[in-house]
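Heads up: the sequence shown begins at 202 in this note's numbering, then just goes up one per residue.
Beta carbons are placed, not taken as given, at the ideal position from N, Cα and C, and that holds for glycine.
Model, not experiment: these values are computed from the prediction.
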Amino acid sequence: VVQNHSSRVGMTPEDLEQSVLEHLFYTCGKDLRSATPLDVYRAISHATRDRLVHRWLQSKRTYFHHEAKRVCYLSAEFLIGRALAQNLLNLGIYHLAETSLDHRGLTLKDILEEELDPGLGNGGLGRLAACFMESLATLQYPAYGYGIRYEFGIFDQEIANGWQVERGDDWLRRGNPWEVPRHELSVGVNFYGRVEARVHVDGTKSMHWVDTQTVIGVPYDTPILGYQNNTVNTLRLWSAKASKEFNFSVFNDGDYRRAVEEKALSESISKVLYPNDESAEGKELRLKQQYFFVACSIADIIRRHKKRFDTLDNLPDQIAIQLNDTHPAIAVAELMRVLIDEESIAWEKAWELTKAATGFTNHTLLPEALEKWPVPMFERLLPRILQIIYEINRRFLLEVHVKWPNDDERKRRLSIIEEGPVKHVRMAHLAVVGSHSVNGVAELHSELVCTQLMPDFHDMWPQRFNNKTNGVTPRRWLLQCNPDLSEALTERISDGWARDLSELTKILEYKDDTEFRAEVRAIKRKNKERLAKVIESRHGFKPNLDSIFDVQVKRLHEYKRQLLNCLHIIALYQDMKENPESDRAPRTFIFGGKAAPGYMMAKLHIKLINDVADIINHDPAIRDRIKVVFLSNYNVSLAEIIIPGADISEQISMAGKEASGTGNMKFAMNGALTVGTLDGANIEIREEVGAENFFLFGLKADEVRGLKGSGYNPNHYIERSPRLRRALDLIASGFFSPDDPSRFQPVVNELRNLDTYMLCADFDDYFRAQFEVDQCYRDPENWTSKVIENLGNIGKFSSDRTIEQYCKEIWNLTPCPIDLTE
Ligand code: 26Y
C-alpha cells in the first residue's frame, strides 16, 4: 500500500507538522499567520483523518476478501462525543500532536475545544452505541453502525433564572471534518401509496407497493478507529434528501410553491433528534425517521451482500443485525419485505433468514417508553409494511394457538397488535418475534424482562432471552478523560489495562503503598481543580477543594430521583441551621442533565435545584459547608471533565427502574465511590468492588413491587420521618421560591399523595448512607482504600467484555485483524 509509507500519512513529528500545514493551506485556504484556532482544529483533524484512510480501505478490503461475518448495529442514536482526541490517542500520536503544536505556541487542549460535540443521542442508549462501536474496532470485529445524521442533535440547554431553556444544536455549522458523504450509495425510501396484488399466469401472486412518495437517503460515513490497531470500521449515518420528483418541473406558481414545501418536508426527516428520553410520543415524523434509516440500512446490507454472493441463503452467516431497542424494530418487517417482494424468496425461507440474522436489546422497563404506533397512521405511511406485520402476527398467533389452544387471553397479551378503540402496533413484540435473541443490559434488568415485562414471551421461548451487562470504553472514560490517573496506573502495572481492563486488579497490590495512595489523592485533587475552574467560570465562585464533590449527572427523570438528592440537601441544610456546631464534612453538590422539553415535572425539578442552590449558596450561616451547582448543558465533553472530579457518584434510582446505568461505571473507574440502590448494574458493581466499598441504601426491586402491590402510602413514611416532613414543609412554605410561594406545590403534592418513585420510603435510609459517606470522608486513608478497591475491581465494566459476549453468544463473530502489508 503506497500511501502507507508516503510522508502524507507518516508518523514522525515532521510528517505530522507537514500535513497539518498542507491542510491549513489547501483545505482551509489559510497561511499560519491568518489561521484561527478553528482552522488549526480543522487542519489537524484532516491530517489525522488522512492517517485513517488506508486503514479504513484495508479494513473493508479484508472483510470482503475473508468473507468475514459483520455486525450491523442499528440505532436511532449514536452519542459519539468529540472525535479528535480519541482518534489521536487510538492512533498513538496524541503526545506527538501535543508537542508539535507546542513548538508553534499552541496548546492541543485549547484546539480540542474547537470541536463541537456531536450530540446525536439522548443519553445512555446512544452513548452505549458509541462505546460499542469503539470496542468493536478495538477488538478487531467487522462492524457497521447504522443511524441517522440528524442536522440538529440533542438541544443545547441554558439555564435562565433557574429554568431550563432549549436552544437548537446546529452542530454542523462549522463543517464536520470526520464525515465523508457517499452520494453514489444513496438509497430511495418509499412512503404512503397503496399495495397492489398481481396474479401471474402461473397462478402465483406478488405484492406491489405503488404510487409512493420517495425520499433519498444519502449516507455519510465516519471512521471508527480501534485502539492502537489498524481496524477502522464505519459509522454510516443517513441524511434525507428530496427525490427528483421535487425538482420543480412545474407549470405555475402554486405548483412551484407546493414543490418547495414538499421538498422541505421530505428533507425534514433527518432534521432533528427527538429529545424525549424514555417517553414515547407517537408522532408520525418519528415513525418516518425510523423507517427511513432502517430501510436505507437494510438496502445497504443487501446490496453489499449481493456484491459478494449470488445468493441470500447465507445472509445470517454473513451478517448479524442488532436492534438497539425498538427504535429500529421495523427492520424485521422491512427485511421481510425486501426478501419477499424484491428478491422473490418464499415467506418461510425469508422468515428463517430474518430471525437468524436479527437480535434485539431492550433498554428499559418503563411502560411509557414502550413504542406503539396507531394502526391507521402506520397503514397510511407504510401500507406494505403493515401488511407484512399482520402476516407475521397471523402466523405467530397460530404458533401460540398450537402451544396453548383456547387461551384467547394469552393471545391478546402476546399479539403484535394491541386491540382497543384504536389498534396499535407493539414494536417490542415485533422485535421479539422477529429475533433469535432478546437481551437486557444488566442481570437484574434481564431477569425483570423475563418475569415482569414479557413473561408470556419468556414462557414461549425461554432460550431466546439472555443478559449482556453494559460496559463503557476505558479509552474514552479513563485513558482520555483522566490522563493523570492513567499514567499513575501505567507506571505501576504497565499499559495493558487500556486493552484489557481486568488487568486493573494488579493495582490492588499497591493498595497499601503510601506513595501510590498519596498520588491517587493528589490526582483527584487536580481533577477537582479542573472541574472547579469550570464551575467558577460559569457560576462565579470556586468550590472548596476540600469538600466532597457529590455528583449526579444524567437525564432528568423522576425515576432517577434527582429530587431525592435535593431533599437530602435541604435536610442537611436544616440540620446545619439548627445545629451550627454540627461537625459535618463540607460538600459541593453538583447536578447536570437535560429534561425532555415537554416534561414539566422534570423541568420543575431543575428549577427547584436551582432555587435551593440560590438560597443555600448565599446563606452566610452555611458558608462553604454546602454548595449546590447545576451545571448547564451536560453532554459527553462536559462529562469528561465532571466524572474524573467526582468523589461521590449518585446512582439512586428506584430499584427496578434503571435498566443498567453506565455513568455508574464511569465514576467508579475514575475513583469515585457510589451511593446507590440495588438497581441495574449497581448490583454487579457492588458485587465486584465489595459491599464495604459501596454506600448502599433503599428498597430492593422485589420490596418495591411488594409495597406497590399492597397499596403504598407515602404519608406512612412522612409521619415517621421528622427530617423528611420538615424538608417537605420548607419547600411547601415557599421558602425557596419567595417570588412565587406555590411554585413547587406540584412537587410536594406528588410526594405527599402519590410518590410514584417512593422517595419517601427510601429517604431515611438515604440520609443514613449519606451520613456514612461523611464519616468515611473524614478518614482519608480509609476513603483511599475504598477508591483503590473500586478501581482495581471495575474491570468487568469495560465495553470490551460486553462486546466479547455479544460476539460469542449472539452474533457468532470472530475477529478479523487488519494487516496493512497484505
Ligand atoms: C421511544 C423513545 C421516546 C425513547 C427514546 C430514548 C425511548 C428510550 C430512549 C432511551 C433509553 C435509554 O437511554 N435507556 C438507557 O439505556 C442505557 C444503556 O443500556 C441504560 O444503561 C440505562 O439504564 C437506560 O435508562
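heavy atom of the ligand 26Y below 7 Å from residue i C-beta
i, result
"valine 642", "yes"
"leucine 326", "yes"
"serine 861", "yes"
"asparagine 288", "no"
"asparagine 477", "yes"
"histidine 200", "In the structure as shown, the chain starts at 202 and stops at 1023, and residue 200 therefore has no counterpart that could be examined."
"threonine 670", "no"
"glutamate 648", "no"
"glutamate 485", "no"
"threonine 565", "yes"
"asparagine 836", "no"
"leucine 654", "no"
"asparagine 323", "yes"
"serine 1000", "no"
"glycine 1027", "Nothing about residue 1027 can be read from this structure; the chain reaches only from 202 to 1023."
"serine 480", "yes"
"glutamate 572", "yes"
"leucine 513", "no"
"leucine 474", "no"
"leucine 329", "yes"
"aspartate 526", "yes"
Between the CA atoms of residue j and residue i - distance to the nearest angstrom
i, j, result
"leucine 495", "leucine 598", "Just to set this straight, residue 495 is valine in the shown sequence, not leucine. When rounded, the distance between both Cα atoms is 26 Å."
"isoleucine 807", "isoleucine 816", "15 Å"
"threonine 423", "valine 433", "10 Å"
"alanine 324", "aspartate 696", "Note that residue 324 corresponds to glycine in the displayed sequence, not to alanine. Rounded to whole angstroms, glycine 324 to aspartate 696 spans 30 Å at the Cα level."
"arginine 271", "tyrosine 345", "7 Å"
"glycine 211", "valine 948", "60 Å"
"glutamate 359", "glycine 793", "11 Å"
"valine 473", "threonine 405", "43 Å"
"aspartate 412", "leucine 582", "12 Å"
"leucine 839", "isoleucine 791", "12 Å"
"cysteine 1017", "proline 343", "7 Å"
"arginine 700", "threonine 1015", "17 Å"
"cysteine 977", "alanine 330", "36 Å"
"serine 387", "isoleucine 503", "14 Å"
Environment of residue i [buried if 16+ CB atoms lie within 10 Å]
i, result
"serine 934", "exposed"
"valine 202", "Below a pLDDT of 50, predicted positions are generally treated as unreliable, and valine 202, at 42, falls in that range; no measurement from the model is reported."
"alanine 465", "exposed"
"histidine 917", "exposed"
"alanine 361", "exposed"
"threonine 1003", "buried"
"tyrosine 457", "exposed"
"glutamine 287", "buried"
"asparagine 983", "exposed"
"asparagine 640", "buried"
"aspartate 903", "exposed"
CB of residue i within 8 Å of CB of residue j, strictly
i, j, result
"leucine 438", "leucine 292", "no"
"lysine 743", "alanine 733", "yes"
"isoleucine 853", "isoleucine 770", "no"
"threonine 263", "isoleucine 1019", "yes"
"leucine 290", "glutamine 681", "yes"
"asparagine 991", "asparagine 894", "yes"
"alanine 860", "glycine 899", "no"
"leucine 874", "lysine 987", "yes"
"phenylalanine 356", "glycine 348", "no"
"valine 673", "threonine 863", "yes"
"glutamate 620", "arginine 611", "no"
"asparagine 745", "glutamine 753", "no"
"histidine 247", "histidine 224", "yes"
"alanine 530", "methionine 628", "yes"
"glutamate 644", "isoleucine 586", "no"
Whole-angstrom C-beta distance between residue j and residue i, which should lie under 8 Å
i, j, result
"leucine 321", "glutamate 278", "6 Å"
"serine 440", "cysteine 273", "In fact, because the Cβ distance is near 18 Å, the residues do not count as touching under 8 Å."
"tyrosine 421", "arginine 350", "5 Å"
"alanine 532", "isoleucine 522", "6 Å"
"leucine 524", "threonine 562", "7 Å"
"asparagine 671", "valine 642", "5 Å"
"proline 382", "valine 416", "Not quite, the Cβ-Cβ distance comes to about 16 Å (not below 8 Å), so this is no contact."
"isoleucine 884", "phenylalanine 868", "With 8 Å as the limit, isoleucine 884 and phenylalanine 868 do not qualify as a contact, their Cβ atoms being about 16 Å apart."
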